[in-house]
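Trainee:
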Amino acid sequence: MCSARISEQIASRMLRRGTGIIGLLAGAAVAACGTGRGSRVSDDLGALYTRQDSVWHAGWRLYSLVGVIDRVGRTAGSLPLTLYEIRDERVSILNDPWGREFRYAPTGTAFELRSAGSDGAFDSGDDIVALARLGRAFPCELRDELQTTRYERIAPLCATGEGTTVYRLCPALNESDRPERIVPATQRDSISATGRRLVRVARAIDGYGREIGTLPETFRGPGIGHRDDRGELPDMWGTIVRYVRAGTAFELRSAGPDRIHGSADDIAVSATLGSSIPCLFRTQWGDEQCWEAPPAC
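Right, dumping it as structure tokens:
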């Protein structure tokens with residue numbers, strides 16, 4: 000039987016394949032279990048054979064419902080007050096596998112979703128709980144009686160007592176890092192190709208950062224291609240691209256043809272999370288413009 004629980008490993012694997020967080024929440028996980036229903040978040044995953052299957056299924060529903068609530072909240076500018084406000088979002092997962100409605104408790108920009116578990120009593124030892132906040136498309140924490148998952152492999156941990164900046168979602172940014180169509184014939188071609196690649200990766204980082212509410216710590220995330228087996232990003236000369244972030248600003252830097260970081264021939268792109276990133280990169284000859292317009296958000 001296909002486990003319905005969205006574990007950290009499953010989510011991480013789908014992200015490496017380029018599946019955006021929002022797409023994952025909207026039904027990609029269901030498709031992975033052989034019952035895909037397009038953009039509908041459905042509770043129809045077949046028979047639940049054991050109590051643990053039901054616990055896994057409840058966790059999957061909570062994970063998915065967090066994404067729906069976040070999407071609705073971003074559009075409205077605040078969290079919905081009740082789950083009834085999202086019933087027109089093509090959602091059929093407002094009850095847990097035991098047929099009881101989830102308990103939803105919003106507080107400011109944070110919220111909790113809770114299943115009473117198999118015993119039907121809230122706040123007992125077998126509850127399944129998702130802690131989340133507006134501006135992050137999946138839970139900060141998902142826990143059941145056996146384990147707690149905080150998804151630190153796919154996004155930074157939620158800081159205690161801090162809110163998350165709410166950015167406008169732009170799923171098209173996750174498709175930004177397309178393969179280079181032209182094989183560079185000269186060193187100047189390689190410099191231009193590297194600059195375009197850095198722009199595409201910067202846009203993909205921006206798209207992913209909007210979903211998780213902050214810049215990722217590494218090159219992980221949907222839409223970021225060209226990575227090696229270690230998850231690093233090489234430039235056209237095989238040197239690892241440097242990614243430096245400071246607050247909401249970040250820079251991608253290639254060492255250039257001489258393969259020495261910090262030298263005159265470095266190629267760099269600077270950007271800010273949540274802003275439109277132009278097709279512009281710095282070289283030893285100054286700023287160079289390319290013609291790949293940012294996607295419409």
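Mapping to numbering that gives the first Met the number 0: the sequence shown position 292 is 291, numbers consecutive. Glycine included, every Cβ here is placed at the ideal spot set by N, Cα and C. Remember, predicted model here, so these are calculated numbers, not experimental data.
#1: Quick check on DSSP: helix, strand or coil for Pro-294?
#2: Where DSSP assigns a beta bridge to Gln-288, which residues make up the other side?
#3: Short check: CB of Leu-78 to CB of Thr-108, under 8 Å?
#4: Within a Cβ cutoff of 6 Å, which residues of the same chain sit near Thr-247, ignoring the five residues on either side of it in sequence?
#5: Helix, strand or coil, according to DSSP, for Arg-252 in the structure here?
#6: Mind checking Leu-214: buried by the 16 CB within 10 Å criterion, or exposed?
#7: How should Thr-18 be labelled, buried or exposed, when 16 other C-beta atoms within 10 angstroms of its C-beta is the threshold for buried?
#8: Are the Cβ atoms of Ala-131 and Leu-172 separated by less than 8 Å?
#9: Are the beta-carbon atoms of Val-198 and Ile-276 separated by less than 8 Å?
#10: At what residue ranges does the segment 161-230 contain a whole run of the alpha helix (DSSP H), taking only runs of 4 or more?
#11: CB-CB under 6 Å to Val-243, same chain, minus the five flanking residues each way: which ones, in chain order?
#12: Is Ser-253 near Ile-266, with beta carbons less than 8 Å apart?
#13: Secondary structure at Glu-111, three-state DSSP: helix, strand or coil?
Mentor: So, from the listed chains and residues:
#1: Here residue 294 corresponds to residue number 295 of the sequence shown, with the count starting at 1. Three-state DSSP puts Pro-294 in coil, outside helix and strand.
#2: Locating residue 288 in the sequence shown gives position 289, where the first residue counts as 1. BP columns for Gln-288 point to Leu-279.
#3: On the sequence shown, residue 78 is found 79 positions in, with the first residue counted as 1. On the sequence shown, residue 108 is found 109 positions in, with the first residue counted as 1. The answer is yes: Cβ separation under 8 Å.
#4: By 1-based counting over the sequence shown, the position of residue 247 is 248. Cβ within range, chain order: Thr-271 and Leu-272.
#5: Here residue 252 refers to the residue found at position 253 when the sequence shown is read from its first residue. Of the three classes helix, strand and coil, the one that applies to Arg-252 here is strand, per DSSP.
#6: Taking the first residue of the sequence shown as position 1, residue 214 is located at position 215. When all chains shown are included, Leu-214 counts as buried.
#7: If you number the sequence shown from 1, residue 18 lands on position 19. With a pLDDT of only 41 at Thr-18, under 50, the local geometry of the prediction cannot be trusted, and the value read off the model is given with reservation. Label assigned to Thr-18: buried.
#8: Counting from one through the sequence shown, the residue named residue 131 turns up at place 132. Counting from one through the sequence shown, the residue named residue 172 turns up at place 173. Going by C-beta atoms, Ala-131 is not nearer than 8 Å to Leu-172.
#9: To locate residue 198, count along the sequence shown from 1; it is residue 199. To locate residue 276, count along the sequence shown from 1; it is residue 277. Yes, these two residues count as a Cβ contact at 8 Å.
#10: 186-211
#11: Here residue 243 refers to the residue found at position 244 of the sequence shown. So the list reads Glu-250, once near-sequence residues are dropped.
#12: As a position in the sequence shown, residue 253 is number 254, starting the count at 1. As a position in the sequence shown, residue 266 is number 267, starting the count at 1. It is a contact, given that the beta carbons lie within the stated cut-off.
#13: Working through the sequence shown from its first residue, we reach residue 111 at position 112. Reduced to three states, the DSSP call for Glu-111 is strand.
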